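Mind the numbering: the sequence shown is residues 4 to 417 in the working numbering, read in order. Even glycine gets a Cβ: it sits at the ideal position worked out from N, Cα and C. Quick caveat: nothing in here was measured; it's all calculated off a predicted structure.
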Amino acid sequence: MDVSRLTLCSLLVATALAPHAASAGDWQRIDAAAPFVDTDGVFRTPACSGSPRLEEGEVVATDTDYAFFVRDGDPERLLLFFDGGGACWDAGTCIDAALDGDVLYYPEVDETPAELAGFGGVFDIDRADNPLRDHLQVYLPYCTGDLHLGARDTSYPLPDGGDWTIYHRGHDNVIAVLEYLADYYANEVGEPPEEIVLVGASAGGYGVLYNYPALAQRFPGVERVRVLVDSSNGVISEDLFERALEADGVWGAQENLDPEIASAFDDGAGQLVPGLFNTLGWQYPDARFGQYTRAYDAVQVLFFNVSSNLGNPERWFDPVYLLLSGLEWTTRARASMWGTAFTTWNYRFYLAQGQTHMVSFYDDFFSEDTAGGIELVDWFSDMIERRWTFGSDWRNASCVPACLPPEGLDLSTL
């Protein structure tokens, strides 16, 4: 694999794990419960994917144990952070790419409390301008290749014969965390939080929207909910939608689909994320929903290109196909955000300049200001804290007409 291709692959996971300057905090690892029956009477089995990997020429499974992390803070204000790290939905993306070293999804939990203490952005508890610095913080790792939506074990063919089972248990993992928190607030705190902030980065952004009803059911009295979807624009191919998200899809996403959001899955790939925002926005009028992306997000473009060329892996990293996919992706992403803004009154977007993927746990969270000069941290703070939106920085903000990176597009990552 050439250097540019390796760099592009590593973007999928390295950005979710690289430490950034921030204060050390006391994070605690919580191992997920063994198989359990949740409060709705559904049997849950938390797990990571069990992705294959090569070890001394042998195909072995990655660690399947799931865990999450908690950092102490004010229990009246709760932050739930859904991590990202790629996706997979067929033998090529789930099996072949993993065995070839082309990382398309992150397969296991290997974060540590020390690494999390180094994260910046919303986790930087030293910055006075971080509106979440005092919150009780919960970090949900992602290791199932299913955007935190799955609850199905699916077998895919190995290149040399036989099958390999991938545990798409993203939704089960989320439920394990929510059950833990519901028990904590009921038995340790004695009352629910007054405020819940949901932040989802990349794959985690889809997980935040899909799992919102499950959160609301466990904390029904909490009206002050704020949601940031970071770099999760839902510009995916119909092929991916049909393989993974239809009723018989490989992730089993519709097996646990809450009736509140079922209509968002009726109109295909192009309307999934706008439909989720719109449905949730009107179902929960006291909540606020924000969406952030860069205009030429390299990782989202890569996944759009992969999903559009599943049968032609030689095109996945081809600069020409990436450029064409990038132009289509950015056009569709912008149209989707503006359309959602016109139909969902408690939604705002922030369209930033450039190609970088994700911002919510980077130091760029505090320096980003390329959308009409509005500082992202002020936009986010006003979404959380201002009582009224009139005169607020929490408004639809766009980099247009200066959305290209100042140095031009880097075709090695697009």
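Examine the Cβ distances between the region 369-388 and the region 302-316 and report whether three or more of them are shorter than 8 Å. Short answer: they don't touch.
Three-way DSSP call (helix, strand, coil) for W382 in this model: In the sequence shown, residue 382 corresponds to position 379, counting from 1. Here W382 sits in helix by DSSP.
Just to confirm before moving on: does the CB-CB distance between H171 and W254 stay below 8 Å? Locating residue 171 in the sequence shown gives position 168, counting from the first residue. Locating residue 254 in the sequence shown gives position 251, counting from the first residue. For H171 and W254, yes; Cβs fall inside 8 Å.
Which whole runs of the beta strand (DSSP E) in the region 202-264 are 3 residues long or more, in chain order? Within the region 202-264, the runs of beta strand (DSSP E) that reach at least 3 residues and sit entirely inside it are, in chain order, 227-233.
What's the C-alpha gap between Y350 and E59? Here residue 350 corresponds to residue number 347 of the sequence shown, with the count starting at 1. Here residue 59 corresponds to residue number 56 of the sequence shown, with the count starting at 1. Answer to the nearest angstrom: the Cα atoms are 50 Å apart.
Continuous alpha helix (DSSP H) assignments of at least 4 residues falling wholly in the region 327-401: The qualifying runs are 379-388.
Contact with chain B by T373, beta-carbon distance below 8 Å: Checking the listed chains, one finds no chain B in this structure; it contains a single protein chain.
Is the region 313-329 touching the region 383-400 in the sense that three or more CB pairs, one from each, lie closer than 8 Å? Touching, no.
Cβ neighbour criterion (16 or more within 10 Å) applied to D269: Your numbering for residue 269 matches position 266 in the sequence shown. By the neighbour-count criterion, in which 16 or more other beta carbons inside 10 Å mark a residue as buried, D269 falls on the exposed side.
Could you work out which residue in D127, W92, F84 and Q31 is closest to D366 when comparing CA atoms only? Locating residue 366 in the sequence shown gives position 363, counting from the first residue. For the residues D127, W92, F84 and Q31, the minimum Cα distance to D366 belongs to D127.
Buried or exposed (CB count within 10 angstroms, at least 16 for buried), A25: Position 22 of the sequence shown, counted from the first residue, corresponds to residue 25. With a pLDDT of 38 at A25, under the threshold of 50, the predicted position of this residue should be treated as unreliable, though the coordinate-derived value follows. It is buried - the Cβ of A25 has at least 16 other Cβ atoms within 10 Å.
P195: which of V211, L181, A204 and V225 sits nearest, CA to CA? For the purposes of this step, residue 195 is taken as residue 192 along the sequence shown, with counting starting at 1. Ranking V211, L181, A204 and V225 by Cα distance to P195 puts V225 first.
If we ignore side chains and look at the alpha-carbon of each, how far apart do T42 and Y183 end up? Locating residue 42 in the sequence shown gives position 39, counting from the first residue. Locating residue 183 in the sequence shown gives position 180, counting from the first residue. Counting only the Cα atoms, Y183 lies some 11 Å from T42.
Per the contact definition of three or more C-beta pairs closer than 8 Å, is the region 274-290 in contact with the region 207-223? When C-beta atoms of the region 207-223 are compared with those of the region 274-290, three or more pairs fall below 8 Å, so the two segments count as touching.
Flag this pair as yes or no: are the beta carbons of Q84 and Y142 separated by less than 8 Å? Within the sequence shown, residue 84 is the residue found at index 81, counting from 1. Within the sequence shown, residue 142 is the residue found at index 139, counting from 1. The question names Gln, but residue 84 in the sequence shown is Phe. For F84 and Y142, yes; Cβs fall inside 8 Å.
Restricting to Cα atoms, I'd like to know which of N281, I387, G76 and A50 is closest to W30. The sequence position of residue 30 within the sequence shown is 27, counting from 1. Ranking N281, I387, G76 and A50 by Cα distance to W30 puts G76 first.
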